[in-house]
Amino acid sequence: MTEASYPVPAEWAKDALIDAAASDRMYAEAATDPDAFWSKEAKRLDWIVAPTKIKDTSFDESDFRIRWFEDGQLNVAANCVDRHADARPDAIAILWEGDNPDESRKISYAELRDEVSKLANCLKSRGVTKGDRVTIYLPMIPEAAFAMLACARIGAIHSVVFGGFSPESLCNRIHDCDSRIVITADEGLRGGKTVPLKANVDAALDHGDLAVETVIVVRRTGGKVTMTEGRDCWYHECVEGQSTDCAPEPMNAEDPLFILYTSGSTGQPKGVLHTSGGYLVWASMTHEYVFNYRQGEIFWCAADVGWVTGHTYSLYGALANGATTVMFEGVPNYPDHSRFWQIVDKYQVNILYTAPTALRSLMREGDDWVTRTSRKSLRLLGSVGEPINPEAWNWYHNVVGDGRCPIVDTWWQTETGGHMISPLPGATALKPGSATKPLFGVIPELVDAEGKVLDGAVEGNLVIADSWPGQMRTVWNDHERFFQTYFSTYPGKYFTGDGCRRDEDGYYWITGRVDDVINVSGHRMGTAEVESALVAHAKVAEAAVVGMPHDLKGQGIYAYVTLNANAEPSADLRKELVQWVRREIGPIATPDILQFAPALPKTRSGKIMRRILRKIAENQLDQLGDTSTLADPAVVDALIAGREEAT
Ligand code: 6R9
């Protein structure tokens, strides 16, 4: 396959925050003199005590340490709220769009400061102090932002749990970090349906022996909930009468800011811990440079604050830069498939940041939903969460962006705090499907299974050779697990768990999690590659590919395929698709089994749960494990039913 390339548009090259020459210079400086580079970047924040020690890190077991700006002091909320409220009190911080298109709310920086301070005072009055953990289980409503920032203001550590998680998952997360306080809502509202958040909290608290003393409940829908005397209180009553003055707590740069739980390949979800100074420098820098953010622009990150993308870009990075950030409560297809583009027009969004899975689901509904809207305000598009297949990329570029807007395909992880590999829109020529090049301070390497560093155009395991400010500092309560998970596979390097190819131009192409790589007759095959080939077929909406045991080849390829609304499964179409993949990639990629699936099992953040697909492919139906975190657990039964016909 020949790779398309999109040079930097002339008007971007002329007008960019960072052009190609600046990008090269800054990358070199960050690599050769990190202290000089990062002490300059740290100036983007207001420090109570400016840091003099910049970088003190080692990934070696004997003196393992990750410390950035360690003698600096700052407050994250003061940086995200107060300094903008002082300078531009009436500037809009948050544009909130409800699930129902008739509901919206505008919050200026001055109002944000008042709301955050009132809640911060309320938390203090309930005994929350610096270092305490606060669990936040809220829908995408402004109170979620108030709650996170109120914690940051008083030095409490927030742990946001996505509103789609079950009581059991919530219980585990409250238990692991030992929160004494939970902030929730009566109900969430998504796509016209209610989510029983308060009832879930009640069930979680019934589940286990938890230390929770206080539950603060936002009245969102007015739905009926049970309030437990002495433990539960309404948010609006708690903050009423609280002072709008609350001095931000001075925090050391290395004091914790938040915990965010994320699943690994083994065991319970890990509590990824981020600290204050390095995280905010990284969030602010990447938000500004990657999105080429300029004051006054409207920025919309469509991710839920329950995920890291919502933390770093809806909230911390955007607000640190004084941006106007759009917060959307609903889903892309409600009331209809045009919703995203209506929101873009309504708020004149300049920068849109979303995930390929959302794009594919909208793409299959046809272009008309998009083209009936204007979208003239859009200037830049972003992608995150998984490799973006060229079809989705082209649709995003040509249909959504009318061919005008560069796409920044940003590779990063909960663990990395912010973008790691991404184009800079005024500096980097784009190749659809490639996250392109590392950002300042990021030193990626590709290693083989033995850890040997591979040079040139090659494929390998993606590791990062040195620390960057936004890096996670530990797994909550389990520093040993932190070291073992990320630094023991390839000693001295951070292991990402991703496979990656580097091309002749030094561009990086993420091939998917390494545990998803299939070894067919000794040849490595990226599942993402086969999936990309399948979705390139006009009748295919989505595909997921996993390995399965194969007598001759070691591993065979098992493909699950969801068809577009206009196509019907048939034996002929199955043959056609198998041939198609052979043609697109080569005989090595020929799927051994192709199963038509009405839907794929996805987490509520939209990630395909390959573990389940692998078990079905292996016919280990009694080992499917926990399916409760799926957006729709019923999908699994349909897959099991469809297996027989396919095999
Ligand atoms: C931000 C986020 C991290 C994993 C990561 C990788 C995949 C994320 C990607 C991408 C290819 C991109 N991933 N962005 N793969 N291209 N632009 O998604 O964090 O939920 O922790 O997931 O997602 O496999 O390792 P997280």
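The numbering of the sequence shown is UniProt numbering, which starts it at 1 and goes up by one.
Note that the Cβ used here is the ideal one computed from N, Cα and C, for glycine as well.
Extent of the continuous alpha helix (DSSP H) run through residue 712: Since the first residue of the chain shown is 1 and the last is 647, residue 712 is not available in this structure.
Thr-373, DSSP secondary structure in three states: Reduced to three states, the DSSP call for Thr-373 is coil.
Following the continuous beta strand (DSSP E) through Lys-346, name the residue where it begins and the one where it ends. From DSSP, Lys-346 is part of no beta strand (DSSP E) but of the alpha helix (DSSP H) over 339-347.
I want to check one thing, is the minimum distance from the CB of Thr-410 to the heavy atoms of the ligand 6R9 below 8 Å? The answer is yes for Thr-410.
Looking at the structure shown, is Lys-198 part of a helix, part of a strand, or coil, going by DSSP? In this structure, Lys-198 counts as helix in the three-state DSSP scheme.
Take residue 650 and list the residues in its own chain whose beta-carbon comes closer than 7 Å to its own, dropping the five residues that flank it on each side. Outside the displayed range of the chain (1 to 647) lies residue 650, so it cannot be described from this structure.
Using a Cβ-Cβ cut-off of 8 Å (strictly less than) and excluding sequence neighbours within five positions of His-590, which residues of its own chain qualify? Per the sequence shown, residue 590 should be read as Thr rather than His. For Thr-590, where only same-chain residues beyond five positions count, the Cβ hits under 8 Å are Ile-557, Val-578, Val-581 and Arg-582.
Given a cut-off of 9 Å, decide if Thr-527 and Gly-547 are closer than it, judged by their beta-carbon atoms. The Cβ atoms of Gly-547 and Thr-527 lie closer than 9 Å to each other.
Give the single residue among Ile-510, Val-475 and Thr-603 whose Cα lies nearest to the Cα of Ile-388. Among Ile-510, Val-475 and Thr-603, the Cα nearest to that of Ile-388 belongs to Ile-510.
May I have the straight-line CA-CA distance separating Ala-571 from Leu-594, to the nearest angstrom? Ala-571 and Leu-594: Cα-Cα distance of roughly 10 Å.
Counting C-beta neighbours from all protein chains within 10 Å, is the total for Val-530 16 or more, i.e. buried, or is it exposed? Counting other Cβ atoms within 10 Å of its Cβ, Val-530 reaches 16 or more and is therefore classed as buried.
Per-residue DSSP class, three states only, for Asn-610: As written in the sequence, residue 610 is Arg, which differs from the Asn given in the question. If DSSP states are grouped into helix, strand and coil, Arg-610 belongs with the helices.
Could you have a look at Glu-41 and say whether DSSP puts it in helix, strand or coil? Three-state DSSP puts Glu-41 in a helix.
Does the beta-carbon distance from Trp-96 to Met-327 come in below 9 Å? Taking a C-beta distance under 9 Å as the contact criterion, Trp-96 and Met-327 qualify as a contact pair.
Does at least one heavy atom of the ligand 6R9 sit under 8 Å from the Cβ of Pro-438? Every heavy atom of the ligand 6R9 is 8 Å or more from the Cβ of Pro-438, so no.
Which runs of the alpha helix (DSSP H) fall wholly inside the segment 122-168 and span at least 4 residues, in chain order? Counting only runs of 4 or more, we get 142-154.
Would you decide whether Arg-65 is buried or exposed? Buried here means 16 or more other CB atoms lie within 10 Å of its CB. In this structure Arg-65 is exposed. Its beta-carbon is surrounded by fewer than 16 other beta-carbon atoms within 10 angstroms.
For Ala-93, does the three-state DSSP call read helix, strand or coil? Looking at Ala-93 - three-state DSSP - the assignment turns out to be strand.
Cα-Cα separation, Asp-455 to Gln-342: Those two C-alpha atoms are separated by around 47 Å.
Pick from Met-285, Lys-615, Arg-126 and Ala-156: whose alpha carbon is nearest that of Tyr-235? When only C-alpha atoms are compared, the closest one is Arg-126.
Lys-452 beta carbon near the ligand 6R9 (any heavy atom closer than 8 Å): At a cut-off of 8 Å, the beta-carbon of Lys-452 does not count as near the ligand 6R9: no heavy atom of the ligand is closer than that.
Identify, in the order they occur along the chain, each residue of the same chain with its Cβ nearer than 7 Å to the Cβ of Val-215, setting aside the five sequence neighbours on each side. Annotation for Val-215: Val-182, Thr-184, Val-201, Arg-231 and Asp-232 place their beta carbon closer than 7 Å to its own, counting only its chain and skipping 5 residues before and after.
Would you kindly work out how many angstroms separate the C-alpha atoms of Tyr-560 and Asp-56, rounded to a whole number? Using only the alpha carbons, I get a separation of about 47 Å.
Which residue marks the beginning of the alpha helix (DSSP H) containing Arg-231, and which one marks its end? From DSSP, Arg-231 is part of no alpha helix (DSSP H); its letter is neither H nor E.
How many angstroms separate the CA atom of Thr-647 from the CA atom of Ala-617? Between Thr-647 and Ala-617, the C-alpha separation is close to 9 Å.
Report back the beta-carbon spacing between Gly-385 and Ala-429 to the nearest angstrom; my notes put them in contact at under 8 Å. Wrong, their Cβ atoms sit about 23 Å apart, outside the cutoff.
According to DSSP, is Lys-615 part of a helix, a strand, or is it coil? Of the three classes helix, strand and coil, the one that applies to Lys-615 here is helix, per DSSP.
Residue environment, Gly-606, which counts as buried when at least 16 other CB atoms sit within 10 Å: Its Cβ being crowded by 16 or more others within 10 Å, Gly-606 is buried.
Label Ser-374 either buried or exposed according to how many other C-beta atoms from any shown protein chain fall within 10 Å of its C-beta, with 16 as the threshold for buried. It counts as exposed.
Determine the direct distance from the alpha carbon of Lys-346 to that of Phe-487, and round the result to whole angstroms. Distance between the alpha carbons of Phe-487 and Lys-346: 46 Å.
On a Cα-Cα basis, can you pick out the residue from Ser-5, Lys-53, Ile-94 and Met-609 that is closest to Thr-357? Cα-wise, what sits closest to Thr-357 is Met-609.
What beta strand (DSSP E) runs, 3 residues minimum, are completely inside the segment 246-301? As far as the segment 246-301 is concerned, its whole beta strand (DSSP E) runs of at least 3 residues are 256-262, 270-275 and 298-301.
Which residues does DSSP pair with Met-327 in a beta bridge? Paired residue(s): Trp-96.
Taking C-alpha atoms, which residue in Pro-142, Ser-179, Ile-94 and Gly-506 lies nearest to Glu-213? Glu-213 has its Cα closest to that of Ser-179, out of Pro-142, Ser-179, Ile-94 and Gly-506.
Pro-469: beta carbon under 8 Å from a heavy atom of the ligand 6R9? Not so, every heavy atom of the ligand 6R9 lies at least 8 Å from the Cβ.
The segment 477-487 touching the segment 75-83, judged by at least three CB pairs closer than 8 Å: The segment 477-487, when compared against the segment 75-83, does not touch it at the 8 Å Cβ threshold.
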